[in-house]
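Residue numbers (this note's numbering), protein chains in the order written: chain A, 16 to 647; chain B, 16 to 647.
Heads up, the thing below is written out as structure tokens.
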């Protein structure tokens, strides 16, 4: 059983300007436009079976592989995002669209429960023969998440029933019993979906199946090797077992390796199982992997996986900026994992990481207009890196949509006698703590300001803990309850300040998290950040973008170590942000004309520099950008 | 006609310790060991035709391509290197080996003169059908250079006769006449070889053929496109016309693009033709391309072509250090080109470049033991970049061998009434100037010292110019003739000091080229060198290598801008070198344990730093190395 339970996102209403804007954009623009894209790219029609088999829309690559095999997952993820949107605002039009999709899926489903539109249409004889590359279980997982979300949003259970039948088929197919395949997914995902299904229905068989997939992974003989041997003309996609984290049994894994999204989806499920089953070895593995990734393989933006070639991890401290892959999905997956770790232990480092990934790499994945996306999130660009409307592998689009549509679910947790605040921002929420209904209203302009006002309204006076996260970046935080200052320093335990008292209607907590601008430095073995600094304020990583510095050559900016950095309110930018202004320097190039090498160092000239939050970059056309700025 | 003619390398004897050691190594170790490698890798036996067709030794790659098609060129280049060695020291054993190879080639040659062992053996029906990729004309060029060199060394002309017949066949096949193919090489090389043949025999048809290949290149309709259309199942290797510099007629080319060796071999031939034919448009193109490459696309080490993917050029200022390709062959080819430019105009910048490429990137290509090689020459390594004994594409091995075996040919030029000194080092040489035999003896310990003593011995007192190159790096050079100081500052014209007088037996010139250690900076748009400095002394670029700095982490070294740099004689290293010592700093990492990002900059600790010449790196096992060092 989980020690801490995240608040249901439907119990938390976002009222602050920052998240309200993002959520409204996703509801009004992202979700509807994604439906249009799914339609325009023949992804929806691919569910209509049987029909004459159409040509591939996405041609096979050199490895004979097409990302078209993922399409079921894209539909599942869109239904999930749309369902979260319905919680905010019911919409008969959207529901009719989902119901139509569900009808298609129901029709496509085979009598034995199998449901994968690619295989049913194109190679029915090959189902379950290439778990390593062909994403059947991954697709099933995303459809299942969609079904769970749609049921929660509407109470309509046809999709859930379809998926329960499919899960029954999967449970019959895979396992350690006689005649069963001892397989597991090449792309982890279904594990965490099964746990969601368990948490919805209470059917422990679902938890058992998730645990089977996790436990079986990386055992000997190696399933993917055996499976490849059975295939003729093996489609070889990715050579290493590290790529999909099947190189060792999961409890023995201590380095974060391979494809980042696969890794983090797996760690999410591992943490879920550790909490649900009280599995100390799984918990320990999660903690070891957490330490590894956060100490050696993470971008300051909460991005993960530097390399495009494996969409994942390489070696310690290898964090190039201009070529950073840092897939949006990987940061979303990190938020999932961090939340699951918070279900086990209340450790501020998990929430700090969650917040860092959320406000920086995750948010960067969605444009201001809600209809353009980043798949990879470099920390430096010459202006050629641009947002796209759609992608041959559109995983990140629906991931960022479902994430923002449910973001309020990451703000609070509860335990038997505690209300825990992880994230800040204007909200109105309700909980049940120690048998009492508790309302909470937070007023704040977070993340632009750390001045936070929380009103607590229990239905009756009740003793419980209010645990406020004090971010690691917040030095000298101040707290007052009903105007009475509480000592903070020394009382923060593992990132949380525990205010235990009898709470009564109208109690007011004031929290001040000072947000000075900080210069951040990277470990010296991060070669690409050597001699450089990044600017943060609160949870936000800043960047310098050409659009705000029109007369400046972004690559030639140098920030003197003693340069004053000032936060500046800019109501003219993106509905109001806090920018950073600095008196900086720019390397002069005029006296280098016709010279490539010389024996005198470059001269510099004064410039006024403006930095904006990283997540907002690339919303004003092609623009050079940097997060890490050379110091002098 | 060439305005300036390089001295024949056979007229210049190297007596200084620096070059003596390299030459002796090449004669005693490199040339013989390369023969053994050619034998061991079945390259020599590939010339023995006809025989049952053996399996490929080098399997085809994904593009259906095998570097085995280059083998004729490897043999040609080895014969060229061995022939240069024979000039220094006749060797009946080597000559017998070459004669045996020549017999094989003569037997392989078809009645019509065609001679390409790959095509004759494996696909005779396909000859001259894929000039773009398959190197027939390139192979012919290297065999021809070998034949010219062997004839010059021994006077034996069988190989030359074989190649003259082949050249006749090529001249009949290609051209603008009726029935001729309007083709040209996919890999330039034969052009410069044909000019060598012309310079040996005086047969102007050879010059005409070279000019045809140069003039036809890049004309419309595009030959390679037409040729590819005629092939079934085209083997597509490299997509762009820039790759092989056929994107435009050569006189219109103004950016150095594509495969670096192809480019520089072509520019060499262009400069040759510009000199021989007094072609102003070709000369202008060479000057434009020279300016482009030296101002935007050159490593400080005289390396060229940053990218492995095209073995060549990318974009301006793109000069990454750790992944620098900087092929040894490209630097050797730059020396060729620079020498040809010096035949047209006496410009110190050409000789400066020649010297910079020679003492750094070229020399780095050959190990101290003379039997290990670098193909690519990065300017930074974590220790994983190691020398190899042989390579699937062994072009660089024989290129560096033939180059060092003939290096004395780059020291001097003559014109009607001038003796020109480009390079320094202990030599004994003879020339004919203004009808007088002139002997020259230089005593120096160059490049370790700039103190140079030159004795001039004309057979009779004669007026002529002695033009001494004053390198751009040599500030405050001093010159005395027979003890009498001459003014230098203000009298150096385009890099050369002209001492015109009646020279008599025993005249003595003392030249002092001061060699302070210089910190070199790169243009600020070279991202990888931003905030960094490289150390040079005289023509030598220095590097820091792990072997000399055992307690230091090479990537963490920082050089304060005011750190004293001292030249130190180190008789214990590589038979005696001048190293550089500095009091530097190293970033501390101990206080970073378990931390990836923090808000305080790194601390540093004092270290004693030793730098050695770049060309000597990687001779002491796996070793981290850097040329560009962070400044602070």
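No residue lacks a Cβ here, since even glycine has one placed at the ideal position from N, Cα and C.
Between residue 331 of chain B and residue 303 of chain B, the gap from beta carbon to beta carbon reaches 7 Å or more.
In the structure shown, residue 482 of chain A adopts extended strand secondary structure according to DSSP, grouped into three states. Sequence-ordered contacts of the region 46 to 64 of chain B with chain A are nonexistent [C-beta pairs closer than 7 Å]. From the listed residues A:580, A:500 and A:540, the smallest Cα separation to residue 531 of chain A is found for A:580.
If you draw a straight line from the Cα of residue 112 of chain A to the Cα of residue 452 of chain A, it comes to about 36 Å. Look at residue 339 of chain B: its C-beta is not under 7 Å from any C-beta on chain A. Within the region 321 to 406 of chain A, the runs of alpha helix (DSSP H) that reach at least 4 residues and sit entirely inside it are, in chain order, 343 to 359 and 363 to 371.
Across the structure, residue 156 of chain A and residue 16 of chain A are spaced so that their CA atoms are roughly 22 Å apart. Our two residues, residue 25 of chain B and residue 366 of chain B, have alpha carbons roughly 20 Å apart in a direct line. Look at the region 490 to 537 of chain B and you find these whole runs of beta strand (DSSP E), each 3 residues long or longer: 493 to 496, 499 to 501, 511 to 518, 522 to 527 and 532 to 537. Restricting attention to A:117, A:187, A:319 and A:131, the CA atom closest to the CA of residue 172 of chain A is found in A:117. Per DSSP, residue 85 of chain B has no beta bridge partner at all.
Neighbours of residue 465 of chain A in chain B, taken as residues at a C-beta separation under 7 Å, are lacking, since the least C-beta distance is about 16 Å. DSSP, reduced to helix, strand and coil, places residue 61 of chain A within a helical segment of the structure shown. Within chain A, the residues 611 and 612 have their CB atoms less than 8 Å from the CB of residue 537 of chain B, given in chain order.
Judged by DSSP in its simplified three-state form, residue 580 of chain A adopts strand. DSSP places residue 474 of chain A in the coil class of the three-state scheme, outside both helix and strand. The Cβ of residue 304 of chain A sits no closer than 7 Å to any Cβ of chain B.
Taken in chain order, the complete alpha helix (DSSP H) segments of 4 residues or longer contained in the region 193 to 232 of chain B are 205 to 216 and 219 to 231. Neighbours of residue 310 of chain A across chain B, judged by C-beta separation under 8 Å: 609, 610 and 611. Within the region 545 to 569 of chain A, the residues whose Cβ lies closer than 7 Å to some Cβ of chain B are 545 and 546, listed in chain order. The beta carbon of residue 594 of chain A sits closer than 6 Å to the beta carbons of 583, 585, 625 and 627 from its chain, once the five residues preceding and following it are set aside; these are given in chain order.
Where residue 551 of chain A is concerned, there is no enclosing alpha helix (DSSP H), although the beta strand (DSSP E) around it starts and stops at 547 to 552. When C-alpha distances from residue 104 of chain B are compared across B:40, B:121 and B:523, the shortest belongs to B:40. With contacts defined as CB atoms closer than 7 Å, residue 91 of chain B and residue 158 of chain B qualify as a contacting pair. If you check the CB distance, residue 598 of chain B and residue 578 of chain B come in under 7 Å. Between residue 617 of chain A and chain B, the shortest Cβ-Cβ separation is below 7 Å. Exposed is the label assigned to residue 590 of chain A, since fewer than 16 other Cβ atoms lie within 10 Å of its Cβ. Contact between residue 647 of chain A and residue 600 of chain A holds, since their C-beta atoms are separated by about 7 Å, short of 8 Å.
Judged by their CB atoms, residue 494 of chain B and residue 526 of chain B are nearer to each other than the 7 Å cut-off.
Around the beta-carbon of residue 78 of chain B, fewer than 16 other beta-carbon atoms lie within 10 Å, marking it exposed.
Around the Cβ of residue 151 of chain A, a 10 Å sphere holds 16 or more other Cβ atoms; the residue is buried. The region 374 to 383 of chain B makes contact with the region 414 to 422 of chain B, as at least three CB pairs between them are under 8 Å. For the set A:203, A:213, A:205 and A:238, the Cα lying nearest the Cα of residue 197 of chain A is the one of A:238. Around the CB of residue 547 of chain B, 16 or more other CB atoms lie within 10 Å, so the residue is classed as buried. The Cβ of residue 315 of chain A sits closer than 7 Å to at least one Cβ of chain B.
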